[in-house]
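Here is the structure we will look at, set down as structure tokens.
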Amino acid sequence: MSTILVSILTFSAALSAFYFYRQKEMDLKYIDRELLHWVDNAKESLPKDYHDKIVDKSSIPKEQYDAIVDKNNRHCIKGGLQYIWSVLVLDPEKIVFTTATSPGHNITKQDHAEFFEVHRDPGAFSGALKAMEPHFSSFKNEWGYGRMVLVPEIDSRGRVFMFGASISIDNIIASQRRIAFISLTISCLVLLIGFFYSLFLSGFIAKPINELSRIAGYISEGHFDHTIKLKGASELKSLSAAINHMSQTIKKNISDLKNREEELKRHRQHLQELVEERTTELGVAQDKLISTEKLAALGKLAGMVGHELRNPLGVIRNSAYFLKMKLSGSTDDEKIRKHINILEEEVERSDRIINDILTYGRIKEPSKINVDLNKIAKKVVERLHLPKGIIFDFRPGAKTGEIMADENQMIHLFNNIILNAIDAMGKQGTLSISTLAKSGNLEIRIKDTGIGIPSENIDKVLDPGFSTKAHGAGLGLAICESIVTLHNGEIYIASETDNGTEVVILLPFK
Ligand SMILES: Nc1ncnc2c1ncn2[C@@H]1O[C@H](COP(=O)(O)OP(=O)(O)O)[C@@H](O)[C@H]1O
Ligand SMILES: [Mg+2]
768 MSTILVSILT FSAALSAFYF YRQKEMDLKY IDRELLHWVD NAKESLPKDY
818 HDKIVDKSSI PKEQYDAIVD KNNRHCIKGG LQYIWSVLVL DPEKIVFTTA
868 TSPGHNITKQ DHAEFFEVHR DPGAFSGALK AMEPHFSSFK NEWGYGRMVL
918 VPEIDSRGRV FMFGASISID NIIASQRRIA FISLTISCLV LLIGFFYSLF
968 LSGFIAKPIN ELSRIAGYIS EGHFDHTIKL KGASELKSLS AAINHMSQTI
1018 KKNISDLKNR EEELKRHRQH LQELVEERTT ELGVAQDKLI STEKLAALGK
1068 LAGMVGHELR NPLGVIRNSA YFLKMKLSGS TDDEKIRKHI NILEEEVERS
1118 DRIINDILTY GRIKEPSKIN VDLNKIAKKV VERLHLPKGI IFDFRPGAKT
1168 GEIMADENQM IHLFNNIILN AIDAMGKQGT LSISTLAKSG NLEIRIKDTG
1218 IGIPSENIDK VLDPGFSTKA HGAGLGLAIC ESIVTLHNGE IYIASETDNG
1268 TEVVILLPFK
């Protein structure tokens, strides 16, 4: 800081000095011209041979000399000069006045140098003598600063004479000094003002810029909540507003980006879940396909075996019938009669199982006709001869139970479900069948009050081969599901242990 100040002061001083000396030079040139002009005037006011005639003290009469002095006095007053004079060089050490001026420019005082008076300082003329051409010099004596010209010439006798004129330059020096001082002061002031103004400006700009870089640092570290409030010029205010806006935009974009990323993550997660779900489903489907294929093969085999067993079973049934006929009326052996009955029942049961196996293996595309399910339900119940303790509660809610379906398959469907219901209830209970038209479907509900299905089995009852019965083939409900699916319908089973079972079937009317 102090170095800057010192430099400023040195620079202004140098500037002022340069200006001072340049001005002085110009002033001196002007003064020198003036001095020469008055020397010429003085020379011209003298006779041309003035110096040629001078030989001694009496060469010029006093009146003529006084008249010359008087004229010089007036020239001095007019030109503002100190002195106008002329000298004759008798030898370098003896120089005499040939004209002069009164110190107060007043002839009456008679205080001027006398004609032919020896000059006290011959050395003052040596420079002009050597150069022999107009010689200017500045001097300082008891009266102050002055400027002088000496113009040497040679008279007809070969002697050197010189005209001289001098002027005081005290005023000029003083005014030059004053100007230099003023200019120094002004340049110092201007430079100082400039310096302080630049300090102020740098504070005005540097401070906000520091603040700006501080906040920019925060923003670059991801802190977007720092707002800038720059004080100062309106440009700085609009700059801070722009930066604030920028940081808010960045913040918003980042949060948008984060949200999108989050969303993307969610989508990815969901996709992963979907893939896992589908993979599991695919696995299940594959398993099902394999088991279906196995079952199909097994079904084919069972169908063949069942078919082959039908004939021997028919023979056994006929033989049992024959034996029964033979024994009828005789009281012979009650035990034999009992065994024949068991034989017949078992043949009946085996026949049913074989029937189921054959049916399951032969389910085909339904050949649909118009059938009334209300009627079929009733007919199936009648044909099965319900035990006496079982009440049949039939509620045909639909005006007509007519749908487009395969009649034989519908009989099978009701038969299997009602048989299961009878099995579940034993000798007592209520079998309820209701039908209802529901948005393009006929809804059939078959409900019993039997033993119900334990929750762990509810998902298995539709699987082929699942049975909890000692002589069950476990194909009844599997056949039902196939028939319903082939008719584009749905089947649901709701049940609880000891609370009966309800089978709900939805079949489209067409
Ligand atoms: N109405 C019902 N009440 C109780 N259990 C039932 C009923 N219907 C079906 N089940 C259960 O579902 C199993 C499978 O039935 P199903 O496929 O008809 O084969 P099956 O009658 O030969 O056992 C039955 O063994 C039984 O455990
Ligand atoms: Mg069954």
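Numbering (the working numbering), first residue to last: 768 to 1277.
Note that beta-carbon positions come from the ideal geometry of N, C-alpha and C, so glycine has one too.
Closer than 7 angstroms by C-beta to Pro1163: which residues in its own chain qualify, once you throw out the five before and the five after it? Chain order, please.
The residue given as residue 1163 occupies position 396 in the sequence shown. Taken in chain order, the residues that qualify are Asn1141 and Thr1202.
Please report the straight-line C-alpha distance between Asp823 and Val916, rounded to a whole angstrom.
Taking the sequence shown and counting its residues from 1, the one referred to as residue 823 is at position 56. Taking the sequence shown and counting its residues from 1, the one referred to as residue 916 is at position 149. Rounded to whole angstroms, Asp823 to Val916 spans 25 angstroms at the Cα level.
Smallest Cα separation from Glu801: which of Gln877, Phe928, Ser933 and Lys876?
By one-based count along the sequence shown, residue 801 stands at place 34. Glu801 has its Cα closest to that of Ser933, out of Gln877, Phe928, Ser933 and Lys876.
Backbone secondary structure at Val918 - three-state DSSP
Stepping through the sequence shown from its first residue, residue 918 is reached at position 151. Looking at Val918 - three-state DSSP - the assignment turns out to be strand.
Tell me whether Leu1151, by its Cβ, gets closer than 8 angstroms to a heavy atom of ligand 2.
Here residue 1151 refers to the residue found at position 384 when the sequence shown is read from its first residue. Outside the cutoff, so no.
DSSP puts Val863 in a beta bridge; with which residues?
As a first step, residue 863 is located in the sequence shown; it is residue number 96 there, counting from the start. Note: Val863 sits in a beta bridge opposite Leu855 and Val885.
Cβ separation of Thr868 and Asn908, assumed to be a contact under 8 angstroms, to the nearest whole Å
Counting from 1 along the sequence shown, the entry for residue 868 is found at position 101. Counting from 1 along the sequence shown, the entry for residue 908 is found at position 141. The Cβ separation is near 16 angstroms, so there is no contact.
Compute the Euclidean distance between the alpha carbons of Met793 and Lys974, then round it to the nearest angstrom.
On the sequence shown, residue 793 is found 26 positions in, with the first residue counted as 1. On the sequence shown, residue 974 is found 207 positions in, with the first residue counted as 1. Approximately 49 angstroms between the Cα atoms of the pair.
Within its chain, find whatever has a CB closer than 6 angstroms to the CB of Gly846; leave out the 5 residues flanking it on each side and keep chain order.
Numbered from 1 along the sequence shown, position 79 holds the residue referred to as residue 846. Taken in chain order, the residues that qualify are Trp805.
Runs of 3 residues minimum, wholly inside the region 1115-1183: which ones carry the beta strand (DSSP E) assignment?
1136-1139, 1157-1163 and 1169-1172
Any non-hydrogen atom of ligand 2 within 8 angstroms of Asp1118 CB:
The count along the sequence shown starts at 1 and reaches residue 1118 at position 351. No, the beta carbon of Asp1118 sits no closer than 8 angstroms to any heavy atom of ligand 2.
Give every residue whose Cβ lies closer than 5 angstroms to any heavy atom of ligand 2, listed in chain order.
Asn1187 and Gly1243
In chain order, what residues of the same chain lie with their CB nearer than 7 angstroms to the CB of Leu782, ignoring the 5 residues before and after it?
As a working mapping, residue 782 is identified with position 15 in the sequence shown. Excluding residues within five positions, the ones whose Cβ falls inside 7 angstroms are Ser954.
Identify every residue that forms a DSSP beta bridge with His902.
Counting from 1 along the sequence shown, the entry for residue 902 is found at position 135. Beta-bridge pairing links His902 to Leu917.
Which of the three DSSP states, helix, strand or coil, is assigned to Thr994?
For the purposes of this step, residue 994 is taken as residue 227 along the sequence shown, with counting starting at 1. Of the three classes helix, strand and coil, the one that applies to Thr994 here is coil, per DSSP.
Which residues in the same chain have their Cβ closer than 6 angstroms to the Cβ of Leu1253, if we skip the five residues on either side of it in sequence?
In the sequence shown, the residue the question calls residue 1253 occupies position 486. Within the same chain, Leu1253 has close Cβ partners Pro1133.
Would the beta-carbon of Asn1182 fall within 9 angstroms of that of Leu1151?
Numbered from 1 along the sequence shown, position 415 holds the residue referred to as residue 1182. Numbered from 1 along the sequence shown, position 384 holds the residue referred to as residue 1151. Yes. Within cutoff.
Helix, strand or coil: how does DSSP classify Glu988 here?
The residue you call residue 988 lines up with position 221 of the sequence shown. Looking at Glu988 - three-state DSSP - the assignment turns out to be coil, as it is neither helix nor strand.
Tell me, which residues are paired with Tyr850 by DSSP?
As a working mapping, residue 850 is identified with position 83 in the sequence shown. The partner list for Tyr850 (beta bridge, DSSP) reads Ser933.
Could you tell me if the beta carbon of Ile1250 falls within a distance shorter than 8 angstroms of some heavy atom in ligand 1?
In the sequence shown, the residue the question calls residue 1250 occupies position 483. Answer for Ile1250: no, Cβ out of range of ligand 1.
Report the residue from Gly1232, Leu958, Glu1113 and Asn1224 whose alpha carbon sits nearest the alpha carbon of Asp1123.
The residue given as residue 1123 occupies position 356 in the sequence shown. The candidate whose alpha carbon is nearest that of Asp1123 is Gly1232.
Hey, how far is the Cα of Pro859 from the Cα of Phe882?
Position 92 of the sequence shown holds residue 859. Position 115 of the sequence shown holds residue 882. Near 18 angstroms, if we compare the C-alpha coordinates of Phe882 and Pro859.
Roughly how many angstroms lie between the CA atoms of Pro889 and Lys861, to the nearest whole one?
Taking the sequence shown and counting its residues from 1, the one referred to as residue 889 is at position 122. Taking the sequence shown and counting its residues from 1, the one referred to as residue 861 is at position 94. Rounded to the nearest angstrom, the two C-alpha atoms are 7 angstroms apart.
Between Thr1264 and Ile1213, is the Cβ-Cβ spacing less than 9 angstroms?
As a working note, residue 1264 is residue 497 in the sequence shown. As a working note, residue 1213 is residue 446 in the sequence shown. In this structure, Ile1213 does not lie closer than 9 angstroms to Thr1264 by Cβ.
Cutting at 8 angstroms between CB atoms, please list the residues of its own chain near Ile771, excluding the five before and the five after it.
For the purposes of this step, residue 771 is taken as the residue at position 4 of the sequence shown. Here the set comprises Phe962.
Do you know offhand how far Val957's Cα is from Leu776's?
One-based indexing of the sequence shown puts residue 957 at position 190. One-based indexing of the sequence shown puts residue 776 at position 9. C-alpha separation (whole angstroms): 11 angstroms.
Selection from Val1271, Gly1267 and Lys1236 that minimises the alpha carbon distance to Glu1248:
To locate residue 1248, count along the sequence shown from 1; it is residue 481. Residue Val1271 holds the alpha-carbon nearest to the alpha-carbon of Glu1248 among Val1271, Gly1267 and Lys1236.
Where does Ser923 sit, in a helix, a strand or coil, going by DSSP?
In the sequence shown, counting from the first residue as 1, residue 923 sits at position 156. Of the three classes helix, strand and coil, the one that applies to Ser923 here is coil, per DSSP.
Start and end residues, alpha helix (DSSP H) containing Asp819
Numbered from its first residue, the sequence shown carries residue 819 at position 52. Tyr817 to Lys820 is the extent of the alpha helix (DSSP H) around Asp819.
Could you check the C-alpha separation between Lys1227 and Gly1128 for me, to the nearest Å?
Stepping through the sequence shown from its first residue, residue 1227 is reached at position 460. Stepping through the sequence shown from its first residue, residue 1128 is reached at position 361. The straight-line gap separating the alpha-carbon atoms of Lys1227 and Gly1128 is approximately 20 angstroms.
Is the CB-CB distance between Ala947 and Gln790 below 9 angstroms?
Locating residue 947 in the sequence shown gives position 180, where the first residue counts as 1. Locating residue 790 in the sequence shown gives position 23, where the first residue counts as 1. Yes, the pair counts as a contact, with Cβ atoms nearer than the cut-off.
Alpha carbon to alpha carbon, how far is Lys996 from Ile972?
Against the sequence shown, residue 996 aligns to sequence position 229. Against the sequence shown, residue 972 aligns to sequence position 205. For the pair Lys996 and Ile972, the Cα-to-Cα distance works out to about 14 angstroms.
Are the region 1191-1202 and the region 1160-1180 touching, with three or more C-beta to C-beta distances below 8 angstroms?
yes
Got a sec? Which residues, its chain only, sit under 8 angstroms from Leu1076 by beta carbon, not counting five neighbours each side?
Residue 1076 sits at position 309 when you count from the first residue of the sequence shown. Excluding residues within five positions, the ones whose Cβ falls inside 8 angstroms are Ser1117 and Ile1121.
Euclidean distance between Cα positions of Lys1146 and Asp1190:
Along the sequence shown, one-based indexing puts residue 1146 at 379. Along the sequence shown, one-based indexing puts residue 1190 at 423. Rounded to whole angstroms, Lys1146 to Asp1190 spans 19 angstroms at the Cα level.
Buried or exposed (CB count within 10 angstroms, at least 16 for buried), Leu951
Residue numbering aside, residue 951 sits at position 184 when the sequence shown is read from its first letter. Its Cβ being crowded by 16 or more others within 10 Å, Leu951 is buried.
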